[in-house]
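Only one structure is covered here, and it is reproduced in the block below.
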Amino acid sequence: SSDVCSSDLLVLSPLLAAELVRRAAVIRQEQATEREQALEIVDAAQGAMLRTTRDWAHWDDTYAYMIGRNPEYVRRHITQTPIFDDGSVMLFFSASRRLMHSHHKPEGSPLSDPTLIGCAADNLPVLRDPASPAAINTVVQLLCPSADGQLYLGIISPISDSQTAKPAHGSLVFLSPLLRSDYGSHLRQTLK
Numbered sequence: 228s229s230d231v232c233s234s235d236l237l238v239l240s241p242l243l244a245a246e247l248v249r250r251a252a253v254i255r256q257e258q259a260t261e262r263e264q265a266l267e268i269v270d271a272a273q274g275a276m277l278r279t280t281r282d283w284a285h286w287d288d289t290y291a292y293m294i295g296r297n298p299e300y301v302r303r304h305i306t307q308t309p310i311f312d313d314g315s316v317m318l319f320f321s322a323s324r325r326l327m328h329s330h331h332k333p334e335g336s337p338l339s340d341p342t343l344i345g346c347a348a349d350n351l352p353v354l355r356d357p358a359s360p361a362a363i364n365t366v367v368q369l370l371c372p373s374a375d376g377q378l379y380l381g382i383i384s385p386i387s388d389s390q391t392a393k394p395a396h397g398s399l400v401f402l403s404p405l406l407r408s409d410y411g412s413h414l415r416q417t418l419k
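Residue numbers (our numbering): 228 to 419.
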């Protein structure tokens with residue numbers, strides 16, 4: 228009886244080892260696929276954010292605001308746009324890297340999240356020659372935590388005029404929550 232059990236174990240051991248190796252390979256492949264899908268989602272989101280950021284950063288009205296010639300810019304343009312409905316944030320930094328304005332919902336309240344502002348400020352590009360096309364078209368991609376642990380995807384773009392002919396004057400930072408409020412609770416729990 229013990230000889231039968233021993234011989235069964237000798238037959239099962241290689242089969243068990245082969246099954247464990249196969250399962251480990253399947254799990255590794257599933258994890259790699261999940262990571263690849265997550266990165267594709269982040270890449271698509273940052274592509275959309277890049278277009279939005281560049282559109283706002285390379286606009287005559289934004290440029291005029293940054294050089295002090297368009298004081299009504301925030302009231303007329305920023306507060307009228309729905310791009311902040313998902314919890315997104317827009318920050319304007321001067322050429323000297325000072326925060327000039329921040330906007331998010333609810334309207335009228337300045338962003339008071341030092342962690343998020345600090346992440347953006349720490350990643351502002353240094354533009355050696357603000358008039359060069361390379362400097363004007365520089366973008367920085369961000370992943371920033373907020374004070375409450377929420378992650379934000381972000382894009383930083385130097386501010387220029389609509390034709391990108393004028394030297395960069397400051398930077399516009401657009402940050403959007405990775406886990407938006409309209410995502411289902413299961414997805415938010417899974418991604419945390």
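Cβ atoms here follow ideal geometry from the backbone N, Cα and C, with glycine treated the same way.
_In whole angstroms, give me the CA-to-CA distance for S389 and V248._
58 Å
*On a CA-only basis, which of L354, S315, D282, M327 is nearest V301? Give me that one, please.*
M327
*Collapsed DSSP secondary structure at G411 in the structure displayed*: Note that G411 scores a pLDDT of 48, beneath 50, so its modelled location is shaky; the value from the coordinates is reported in the next line. Three-state result, G411: coil.
*Could you check where the beta strand (DSSP E) with G381 kicks off and where it finishes?*
378-385
*Between R262 and T280, what straight-line distance do the alpha-carbon atoms span, to the nearest angstrom?*
26 Å
*What's the gap between the Cα of R415 and the Cα of L406?*
With a pLDDT of only 47 at R415, under the threshold of 50, the placement of this residue in the model should not be trusted; the figure read from the coordinates follows. Distance between the alpha carbons of R415 and L406 is about 6 Å.
*In angstroms, rounded to a whole number, what distance separates the CA positions of V253 and V400?*
41 Å
*With DSSP as the reference, please indicate the residues paired to S398 in a beta bridge.*
F320, P385
*Span separating the alpha-carbon of E246 from that of A265*: 29 Å
*asked:* Just to check my reading of the structure: P385 and S398 have Cβ atoms closer than 8 Å, yes? What is that Cβ distance to the nearest angstrom?
replied: 6 Å
*Apply the 10 Å Cβ neighbour rule to T260 and answer buried if 16 or more other Cβ atoms are within range, or exposed otherwise.*
exposed
_Using 9 Å as the threshold, is the C-beta distance between T306 and H330 below it?_
yes
*Give every residue of the same chain whose Cβ lies closer than 8 Å to the Cβ of P360, excluding the five residues on either side of it in the sequence, and list them in chain order.*
T391
*Is the stretch 364-381 close to the stretch 336-353, with three or more CB pairs under 8 Å?*
yes
_Option nearest S430 by Cα separation, candidates I382, A291, L351_ = Past the boundaries of the shown model lies residue 430; the chain is included only from 228 to 419, so the question cannot be answered.
*DSSP three-state call for Q368: helix, strand or coil?*
strand
*List the residues that DSSP assigns as beta-bridge partners of S423.*
Residue 423 is absent from the structure shown; the chain starts at 228 and stops at 419.
*asked:* So for L304, helix, strand or coil by DSSP?
replied: The sequence given here places His at residue 304; Leu does not occur at that position. H304 falls in the helix class under three-state DSSP.
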